[in-house]
Amino acid sequence: MGISGKVALVTGAAQGIGKAIALRLARDGADIALVDLNQEKLDTAAAEVRALGRRAVTCIADVSQLQQVTEAVAFAERELGGFDIIVNNAGIAQVQALLDVTPDEVDRIMRINVQGTLWGIQAAAKTFKKRGQKGKIINACSIAGHDGFALLGVYSATKFAVRALTQAAAKELAADGITVNAYCPGVVGTDMWTEIDKRMAEVTGAELGATYKKYVDGIALGRAETPEDVAGLVSFLAGPDADYMTGQAPLIDGGLVYR
């Protein structure tokens with residue numbers, strides 16, 4: 000059975016890892032609510048979901064805003080007739096030396112990466128409880144949630160926070176049959192990593208592409224990660240084979256950080 004007929008909401012679903020997750024869950028049989036900030040890209044991703052034979056709805060929402068996240072979950076439940084899985088995938092990176100980080104920069108990344116995850120946990124768990132059913136909450140962590148990286152210090156802090164929220168929520172919600180896990184990608188060939196590489200070049204003086212290459216060269220399996228690699232792990236976490244797993248944040252990085 001897998002997740003056939005289930006309803007999943009994915010934030011940050013218009014492109015990159017989030018889009019790959021939405022498409023993978025659709026292939027697994029789920030109907031998908033795609034949440035992001037760019038309607039044109041959302042429409043493209045939704046069309047790809049529908050081409051797989053699944054229903055898809057789109058919703059513009061800023062995950063840093065509790066009310067918008069709550070409304071997105073309610074919209075998904077109403078339009079798709081149920082609610083079973085949330086993937087709190089939306090997030091941003093920040094390349095900056097710790098001595099140069101400003102209060103506004105800290106506030107922005109914390110609101111999106113940490114509060115955005117917390118609001119998703121809250122909205123999903125309350126909906127599962129209201130419906131009297133079990134559910135799956137899956138959060139985007141990172142290798143930076145296991146190991147703090149230079150020039151990615153505040154970003155790393157947000158991902159350590161996501162891992163803490165995942166563990167705490169797993170403990171609080173287990174009695175309700177709600178599992179909470181996270182996934183921790185490494186160096187993925189997405190626009191986010193293009194931006195990280197660009198900012199690293201600006202901060203360190205390295206050539207464009209040098210930071211990306213340095214990290215990829217350190218991957219044991221010898222290649223950069225794809226969004227589909229990440230989506231495969233999320234597929235497992237969303238499915239019944241992970242029913243006895245909660246509070247975990249497994250690394251999927253090709254062999255870069257070892258824990």
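Quick note: the sequence shown, position 173, residue 172 per numbering that gives the first Met the number 0, numbers continuous. Where is the CB? At the ideal position from N, CA and C, for every residue including glycine.
Taken atom to atom, the span from the alpha-carbon of residue 27 to that of residue 1 is near 7 Å.
DSSP, read as helix, strand or coil, puts residue 17 in helix. Boundaries of the beta strand (DSSP E) harbouring residue 30: 30–35, taken from the DSSP string. In the same chain as residue 200, and ignoring 5 residues on each side of it, the C-beta atoms closer than 6 Å to its own belong to 207, in chain order. Just so you know, the alpha carbons of residue 257 and residue 233 end up roughly 19 Å apart. For the options 228, 188, 22 and 99, the alpha carbon positioned closest to that of residue 46 is the one of 22. Between the stretch 158–171 and the stretch 58–76, the count of C-beta pairs closer than 8 Å stays below three; the two stretches do not touch.
Per the coordinates, the alpha-carbon of residue 36 lies some 8 Å from the alpha-carbon of residue 11.
Shown here for residue 235: same chain residues with a beta carbon closer than 6 Å to its own, the five before and five after excluded, namely 241 in chain order. Its chain contains 157, 160, 161 and 164 as the residues whose beta carbon lies nearer than 8 Å to that of residue 113, once the 5 sequence neighbours on both sides are disregarded; these appear in chain order.
Non-local C-beta neighbours of residue 15 in its own chain, meaning closer than 8 Å and more than five positions away in sequence, comprise 187, 189, 190, 191 and 226, ordered along the chain. In the three-state DSSP reduction, residue 239 falls in the helix class (H, G or I). When the five nearest sequence neighbours on each side are left out, the beta carbons in the same chain lying within less than 7 Å of the beta carbon of residue 254 are those of 218, 219 and 220, in order along the chain.
With fewer than 16 other Cβ atoms from the protein chains shown falling within 10 Å of its own Cβ, residue 3 counts as exposed. Take residue 108, set aside five residues on each side of it, and the residues of its chain with a beta-carbon closer than 7 Å to its own are 91, 93, 153, 154 and 157, in chain order. If you look at residue 195, you'll find it in the alpha helix (DSSP H) that goes 190–203.
Assigned with DSSP and collapsed to three states, residue 132 falls in coil, not helix or strand. With contact defined as three or more Cβ pairs closer than 8 Å, the stretch 246–253 and the stretch 171–181 are in contact. In terms of Cβ geometry, residue 48 and residue 25 form a close pair [threshold 9 Å].
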